[in-house]
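I have placed the structure first, in the form of structure tokens, so that the comments after it can refer back to it.
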Amino acid sequence: MPLRAKIDPTRLNINARMNHTSSSYEEGSPDEVLVRSNGAVREFILNRPKKLNAINHNMCTLMAPRLLEYAKSDSANIIVVKGAGGKAFSAGGDVTALALMFREQGAEVGEKNCSRYFQTEFALDHLIATYAKPYVALIDGITMGGGVGLSAHAPFVVATEKTLWAMPETTIGYYPDVGGLFRLSRMDGQLGLYLGMTSDRLKGYDVYRAGVATHFVPSERVPEIEKRLSELRPSDGDATSDEYFSLVNRAIEEFAADAPANHKPTLSDADRDVIDSCFKFDTVEEIIAALEAEGSAFALKTKATLLDRCPHSLKVTLAGFRKAKSLDIKSVFALEQHIADGVCGRNDFAEGVIALLVDKRKPVWEPASLEQISASDIAKIFAPRKPDWTPMKFHTDRTYMQYPHKFGLPTEEEIMLFVTGETSSSETKATRDDVVKHFEKTHGNKVGLVSHIEHVLARKTKADPQHPTLLDWTY
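Numbering (our numbering), first residue to last: 39 to 513.
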């Protein structure tokens, strides 16, 4: 029986007291997040199905204290999060409500409430990203924007054939947030930057292949996963142990499946090569020029897509992505809040959201072209704020440079390190079979492992000229 997520606002670290001008947005029903106990599992159900479970301020304040409570509980061992309604995990943050404040209550109120909302949301996402117990996100449907923040940093992310994943912020005059700069900058090659700048979507099995999801499971098996997880107890009573995380992983693997028979990748291997070669540059103009020079149908389509996005958002996204690459996750969330405050103070955000989601028209960006935006314009977004600016408060100080749990497919970097000998004890170059055997040992009999390795080797290696069975990595 679902329970209402009852909370004591005083337990929150962040923004528990709201002013009168923001009350209509920040108030909400306790039923917007349902919480239920099922054996070892504490299940959160995002419950705004008519809005595709869009995340609002109220939902963030409902979830955070319960997560903090369950982190200390001996009976709550696993967190499971899913969406109600059968269509979406969460289609994103409720940005329409935020943007309408700019129209109805003016810029000052709009900016203040945007800042408050994003601080609350980012603090929740950081809590999830550093949660000590197994956290399982069942992204069985649309998962975008704010929904990515509630799922992508989890040690266990289960995609299905119904999953539609994207970070669509550059279409609305914003930028990839909710830890998106960290998640995207840790993806293979330049794939994350491509997804963040173009707002392109990944579907079904491709969400797993791209490393966003740790498992791919047919949608009809998701209820079986929930039942199986409810039965798991840590043998030593420690739900934070590596042993227990491995137990949870093996339980989910019981229901995993390979790509559907009719699966066609969203991005081909050739497309991935174009992405890596064209998105390696440090200015948007250079990326667009590289796409033009490459000349393939995919490259030219990508160029057209970029030119249709908010110019300022593209430049902010690229700059933020490059900065995030060398930052720990807590610092990335702090950076994102800093960027959000700067971006929300511009007209593009309210214009983009209202044009696309309310008025159903093409946005009018200011400035309208990349050429009108200087490096100093972008630097202002990252510059120190005024002395009265309030940085966000976190629920925990935990952080890391790389995701601490590796239950998904091996990354290109992990495969590269083995092929080049940096993580291999062999004094000779590796063969294809050597690579497969190594990762079968480290990742077990993971569904899709061999085909994934073969795709990476086909794209990123060539045969040694003298010994054709041995591999050389191509950079």
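Glycine included, C-beta positions come from ideal geometry on N, C-alpha and C.
task: Please report how far the alpha carbon of L219 lies from the alpha carbon of L176, in whole angstroms.
output: Translated into the one-based positions of the sequence shown, residue 219 becomes position 181. Translated into the one-based positions of the sequence shown, residue 176 becomes position 138. Distance between the alpha carbons of L219 and L176 is about 22 Å.
- request: Take D435 as the anchor and find which of C382, E452, K400 and T168 has the nearest alpha-carbon.
  value: For the purposes of this step, residue 435 is taken as the residue at position 397 of the sequence shown. With distances taken between Cα atoms, D435 lies closest to T168.
message: I believe P214 touches L202 by the beta-carbon criterion, under 8 Å. Please report the beta-carbon distance rounded to the nearest angstrom.
response: Taking the first residue of the sequence shown as 1, we reach residue 214 at position 176. Taking the first residue of the sequence shown as 1, we reach residue 202 at position 164. With 8 Å as the limit, P214 and L202 do not qualify as a contact, their Cβ atoms being about 16 Å apart.
message: With distance defined between alpha-carbon atoms, name the residue in E374, P506 and S463 nearest to V216.
response: Residue mapping note: residue 216 aligns to position 178 of the sequence shown, counting from 1. Among E374, P506 and S463, the Cα nearest to that of V216 is on E374.
- prompt: Taking 6 Å as the cut-off, does the CB of K431 come closer than this to any heavy atom belonging to the ligand NAD?
  reply: Judged by which ligands are present, the structure shown has none, so any question about the ligand NAD falls away.
task: Take M205 and list the residues in its own chain whose beta-carbon comes closer than 8 Å to its own, dropping the five residues that flank it on each side.
output: Here residue 205 refers to the residue found at position 167 when the sequence shown is read from its first residue. Around M205: M182, G183, V186, P214, G218, L222, L233, G234 and S237.
task: State yes or no: is the C-beta of D296 within less than 7 Å of the C-beta of G486?
output: To locate residue 296, count along the sequence shown from 1; it is residue 258. To locate residue 486, count along the sequence shown from 1; it is residue 448. Going by C-beta atoms, D296 is nearer than 7 Å to G486.
Delimiting residues of the alpha helix (DSSP H) encompassing E264: Translated into the one-based positions of the sequence shown, residue 264 becomes position 226. Run containing E264: V260 to S268, per the alpha helix (DSSP H) assignment.
Per DSSP, cross-strand counterpart(s) of Y173: Along the sequence shown, read from residue 1 onward, the residue named residue 173 stands at position 135. BP columns for Y173 point to I117.
query: In the DSSP assignment, what residue or residues form a beta bridge with K241?
result: Translated into positions along the sequence shown, residue 241 becomes position 203. Paired residues: L202.
message: Buried or exposed for E149, going by 16 or more other Cβ atoms inside 10 Å?
response: Residue 149 sits at position 111 when you count from the first residue of the sequence shown. The residue is buried, with at least 16 neighbouring Cβ atoms inside 10 Å.
field: Where the beta strand (DSSP E) through K500 begins and ends
entry: Start at 1 with the first residue of the sequence shown, and residue 500 comes out as number 462. Run containing K500: T499 to A501, per the beta strand (DSSP E) assignment.
message: Per DSSP, what are the beta-bridge partners of N76 in this structure?
response: To locate residue 76, count along the sequence shown from 1; it is residue 38. N76 pairs with V79.
message: With distance defined between alpha-carbon atoms, name the residue in G144, L270, A362 and M97 nearest to A388.
response: Locating residue 388 in the sequence shown gives position 350, where the first residue counts as 1. For the residues G144, L270, A362 and M97, the minimum Cα distance to A388 belongs to G144.
query: By a C-beta neighbour count over all protein chains shown, 10 Å radius and 16 as the cutoff for buried, is G249 buried or exposed?
result: Residue numbering aside, residue 249 sits at position 211 when the sequence shown is read from its first letter. Classification of G249: buried, given that the 10 Å Cβ count is 16 or more.
query: Using a Cβ-Cβ cut-off of 8 Å (strictly less than) and excluding sequence neighbours within five positions of Q504, which residues of its own chain qualify?
result: Locating residue 504 in the sequence shown gives position 466, where the first residue counts as 1. Excluding residues within five positions, none has a Cβ falling inside 8 Å.
- prompt: Three-state secondary structure (DSSP) at A126?
  reply: Indexing the sequence shown from 1 puts residue 126 at position 88. Reduced to three states, the DSSP call for A126 is strand.
- prompt: Between which two residues does the beta strand (DSSP E) carrying V196 extend?
  reply: Translated into the one-based positions of the sequence shown, residue 196 becomes position 158. Note, V196: beta strand (DSSP E), F194 to A197.
- prompt: Thinking C-alpha only, which one of A413, R266, E262 and L106 is nearest E323?
  reply: Stepping through the sequence shown from its first residue, residue 323 is reached at position 285. Among A413, R266, E262 and L106, the Cα nearest to that of E323 belongs to A413.
query: Taking the alpha carbon of T304 as the point to measure from, which residue in R360, P256, Y246 and V354 has its own alpha carbon closest?
result: As a first step, residue 304 must be located in the sequence shown, where it is residue number 266. Nearest C-alpha to T304: Y246.
message: I need the boundaries of the alpha helix (DSSP H) containing M139, first residue and last residue.
response: Looking up residue 139 in the sequence shown gives position 101. Run containing M139: V133 to Q143, per the alpha helix (DSSP H) assignment.
field: Distance between E452 and F445 (C-alpha atoms, nearest Å)
entry: One-based indexing of the sequence shown puts residue 445 at position 407. One-based indexing of the sequence shown puts residue 452 at position 414. So the two alpha carbons sit approximately 13 Å from each other.
- request: Grab me the residues of V457's own chain with a C-beta within less than 7 Å of its C-beta, minus the 5 sequence neighbours each way, in chain order.
  value: As a first step, residue 457 is located in the sequence shown; it is residue number 419 there, counting from the start. Closer than 7 Å at Cβ, skipping near neighbours: A468, V473, T499, L509 and W511.
- request: Could you check what DSSP says for S254 in three-state terms: helix, strand or coil?
  value: Along the sequence shown, one-based indexing puts residue 254 at 216. The residue you asked about is not Ser; residue 254 is Phe in the sequence shown. Correct three-state label for F254: strand.
message: Is the separation between the beta-carbon of T198 and that of L352 shorter than 7 Å?
response: Position 160 of the sequence shown holds residue 198. Position 314 of the sequence shown holds residue 352. No; because the gap between Cβ atoms is not below 7 Å, this pair is not in contact.
- prompt: Where does the unbroken beta strand (DSSP E) through L365 begin, and where does it stop?
  reply: Start at 1 with the first residue of the sequence shown, and residue 365 comes out as number 327. Looking at the DSSP string, L365 is not in any beta strand (DSSP E), and its letter there is neither H nor E.
query: Hey, which unbroken runs of the beta strand (DSSP E) at 3 residues or more fall wholly within the stretch 304-388?
result: none
message: Taking only three categories from DSSP, how would you classify D112?
response: Taking the first residue of the sequence shown as position 1, residue 112 is located at position 74. It is coil, neither helix nor strand.
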